[in-house]
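Asker:
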């Protein structure tokens, strides 16, 4: 068997005519039959088949259906063929083309696929740069309701990836139930994306013990399966025509006043700051409106349904074939309203959305990732896997539609700011940040905002940011939101944070009368401190309405943009 170099995309390297095969009279091309795919052990596949006449053979394989960057092996001449493929990534779906050649022509088998079985691991997603990929491992069976051990606190999964150039990245993982939103199972998942094509290798870490998810010590607790598992993944070339951000790369802070995608394009944000309870949606499992929040007159059961946007859903509306469709098991409402709303925003060029993943004790009181909204230790350390699975479907779709995700991790109200660890950085907040970073941090365009109208002192915010930076493998920028500002934007916490490499962006709330001055002031001050901030004006104190849009454009939008900032719109 001869291993050939990768062939061109869509092509194949035919067997050498000098193989001794000659024309066989009136006999036509060979017919291929009796295909058998045999697991040859880790990373090996044995391909066996028969041809109707003596023929040379070729098997090509790739990790993408287009057969891009395909590799091939060839053999023959023979009637009984056995070709061995080595170096397959464990758990990866491989696409195969099998052909044979005699002096009269070429015979083929229908395209087929092979996923090497290996200790229960499965790799899902497209192995191209910037596309989301999930590595699912078989680990200890658990339930989202378990307390001894608690799978969210007392177990920790991570994967160390090594890129073709030798650079490394540690990506945190999470308990994933059955891998499809079910709360019980043995699936443990790591979500990632790859920056470059080529052969990437990985090693798995898995530890068990009290509180191991709230530490970065790789030796904490005891090792458990699948600790120590290794593998390799071959990533094909970037798709420059991929939708949304998938062609542009990760949105990064590069020491300038604007973020830039890895592939080189600069980002200018024009987004929506309302509703902050975007995820307070009736189409998600286990979502309802807790009492004590703001008035929700006009909303059925106090939740959003986004009914005008149901017609915008999917390929028949303003979306595409990737628009995810699912239904809430608790309300019967499906995903079309919210997904259609995102499709609508994308169709109008809106490229950012601000939202809270946890607003208990705040205004909305309808959004939480936990098993329940009770202010108790059990609920604060157990997570709702079906809801988080549905959130992932929606937020991943937003990225495909080119919408930047502005995660606001807390509200200004005292009960919300103190919901976890009484406002400190303890086990509850560490696990909360870790769960969000592990489940959503692989998405390409993310801003972590430590709190709306943030009241935490800056030293505590530094503690929060340090931990968040440690568990976020992709170094998404971090900010914190101001109270309403006037004049040139004097704000003591920002003065204290100037020059700190933990904070790359602002999240200004202020008067439209002087919004340009505020942007210019913090642009100049941050540059002088050696850490130029990205100037986000995320909330104007005069809400946007259908009556003041011309005034707001003149007074606020142009002042912010031409002063070197960018914005999201607050609707009041």
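Residue numbers (this note's numbering): 1399 to 1970.
Where a beta carbon is used, it is the ideal one built from N, C-alpha and C, also for glycine.
1. Which residues mark the beginning and the end of the beta strand (DSSP E) in which residue 1521 is found?
2. Distance cutoff 8 Å, beta carbons only. Does residue 1717 sit that close to anything in chain C?
3. I need the DSSP call for residue 1971, collapsed to helix, strand or coil.
4. Taking DSSP's pairing of strands, which residues face residue 1877 in a bridge?
5. For residue 1941 versus residue 1914, is the C-beta distance shorter than 8 Å?
6. Would you give the residue range spanned by the alpha helix (DSSP H) that residue 1949 belongs to?
7. Start and end of the alpha helix (DSSP H) containing residue 1827?
8. Rounded to whole angstroms, what's the CA-CA distance from residue 1796 to residue 1842? Just pull it up for me.
9. Please classify residue 1865: does DSSP put it in a helix, a strand, or coil?
10. Considering only the alpha carbon of each residue, which of 1428, 1440, 1910 and 1698 lies closest to residue 1952?
11. Considering only the alpha carbon of each residue, which of 1647, 1653 and 1426 lies closest to residue 1901?
12. Given residue 1732, which residues of its chain have a CB within under 7 Å of its CB, disregarding the five upstream and five downstream residues?
13. So, do the segment 1891 to 1900 and the segment 1835 to 1850 have three or more beta carbon pairs nearer to each other than 8 Å?
14. Would you check if the distance between the CB atom of residue 1589 and the CB atom of residue 1538 is smaller than 8 Å?
15. Have a look at residue 1720 and residue 1742 and give me their C-alpha separation to the nearest angstrom.
16. With a threshold of 16 other CB atoms inside 10 Å of the CB of residue 1822, please say whether the residue is buried or exposed.
17. Figure out for me which residue from 1520, 1451, 1554 and 1603 has the closest Cα to the Cα of residue 1476.
18. Would the beta-carbon of residue 1571 fall within 8 Å of that of residue 1557?
19. For residue 1921, tell me which candidate among 1849, 1615 and 1655 has the shortest Cα-Cα distance.
20. Can you list, in chain order, the residues of its chain whose CB lies under 6 Å from that of residue 1756, leaving out five sequence neighbours each side?
21. Alpha carbons only, please: which of 1918, 1878 and 1875 is nearest the one belonging to residue 1885?
22. Give the list of continuous beta strand (DSSP E) stretches no shorter than 3 residues that lie fully inside the segment 1668 to 1735.
23. If I measure Cβ to Cβ from residue 1859 and keep anything under 6 Å in the same chain, skipping five residues before and after, which residues do I get?
24. Pick from 1546, 1524, 1624 and 1542: whose alpha carbon is nearest that of residue 1591?
25. For residue 1665 and residue 1963, what's the separation of their Cα atoms in angstroms?
26. Return the residue from the list 1586, 1446, 1457 and 1744 that minimises the CA-CA distance to residue 1495.
27. Just the C-alpha distance for residue 1893 and residue 1826, rounded to the nearest angstrom, thanks.
28. How about the segment 1435 to 1449 and the segment 1476 to 1493: do they share at least three Cβ pairs that are nearer than 8 Å?
29. Among the candidates 1498, 1791 and 1464, whose CA atom is the shortest distance from the CA of residue 1734?
30. Should residue 1474 go down as buried or exposed, given a rule of 16 or more other Cβ atoms within 10 Å for buried?
31. Rounded to whole angstroms, what is the Cα-Cα separation between residue 1533 and residue 1928?
32. Nearest-angstrom Cα distance between residue 1549 and residue 1833?
33. Anyone know if the C-beta pair for residue 1709 and residue 1715 falls short of 8 Å?
34. Work out the CA separation of residue 1937 and residue 1673 for me, nearest whole Å.
35. Which of helix, strand or coil does DSSP assign to residue 1776?
36. Report the residue from 1668, 1706, 1798 and 1814 whose alpha carbon sits nearest the alpha carbon of residue 1746.
Answerer: Let me lay it out:
1. 1520 to 1523
2. Here chain C cannot be found, since the structure has a single protein chain.
3. As displayed, the chain neither begins before 1399 nor continues past 1970, which places residue 1971 out of reach and without an answer.
4. 1847
5. no
6. 1947 to 1950
7. 1825 to 1838
8. 11 Å
9. helix
10. 1910
11. 1653
12. 1681, 1723, 1724 and 1725
13. no
14. no
15. 14 Å
16. exposed
17. 1451
18. yes
19. 1655
20. 1766
21. 1918
22. 1668 to 1670
23. 1848 and 1878
24. 1524
25. 11 Å
26. 1457
27. 29 Å
28. yes
29. 1791
30. buried
31. 39 Å
32. 12 Å
33. yes
34. 12 Å
35. helix
36. 1668
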